[in-house]
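Below is one structure; the comments refer to it alone.
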């Protein structure tokens, strides 16, 4: 086959492989939260479907705000540093969600969701930049 559909030889590039692995892990963490939180908010916290949807909204909104900002910051700071800071912020948000009080207010949930989204947005743009930059030019 002259041009493979999936060029697995790219996985031999350490920076490429690391960036792909961290991206997979961050998306897994995000999806685990996004799949489990609606069940938690509705069955354990007694929130309605509309309330649950509104409480989940700060995550993508914060990602939408932070991703372009992170893209701008790539030119000023090292992409690895930005990505690490983003992952740390996202981890703090997830840890905060795990430590929610037994009867959290909407604001308790909202700021934690926004923190997760901001961290995810700050991580994803520099990580995608690193993935693309570490791949060799096509011949």
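In this note's numbering, the protein residues as written are 24 to 162.
Heads up, the beta-carbon is just placed ideally off N, CA and C, and yes, glycines get one too.
These numbers come from a predicted model, not from an experiment.
Proximity of residue i and residue j at Cβ, strictly below 8 Å
i           : j           : result
residue 132 : residue 123 : yes
residue 38  : residue 157 : yes
residue 152 : residue 102 : yes
residue 79  : residue 96  : no
residue 146 : residue 49  : yes
residue 75  : residue 92  : no
Where residue i falls, given that 16 or more other Cβ within 10 Å makes a residue buried
i           : result
residue 62  : exposed
residue 42  : buried
residue 116 : buried
residue 154 : buried
residue 148 : buried
For residue i, three-class secondary structure by DSSP
i           : result
residue 45  : helix
residue 35  : helix
residue 97  : coil
residue 86  : helix
residue 60  : helix
residue 113 : helix
residue 125 : coil
residue 69  : coil
residue 159 : coil
Cβ-based neighbour list, residue i, same chain, cut-off 8 Å, excluding 5 preceding and 5 following
i           : result
residue 84  : 137 and 140
residue 160 : none
residue 46  : 147, 150, 151 and 154
Neighbourhood of residue i by C-beta distance below 7 Å, restricted to the same chain and skipping five residues each side
i           : result
residue 33  : 39 and 158
residue 105 : 93, 96, 97, 145 and 149
residue 81  : 133, 136, 137 and 140
Sequence-distant residues of its chain with Cβ nearer than 6 Å to residue i (five each side left out)
i           : result
residue 135 : 116, 119 and 120
ask   = Quick one: any contact between the region 62-73 and the region 136-147, if contact means 3 or more CB pairs under 8 Å?
value = no
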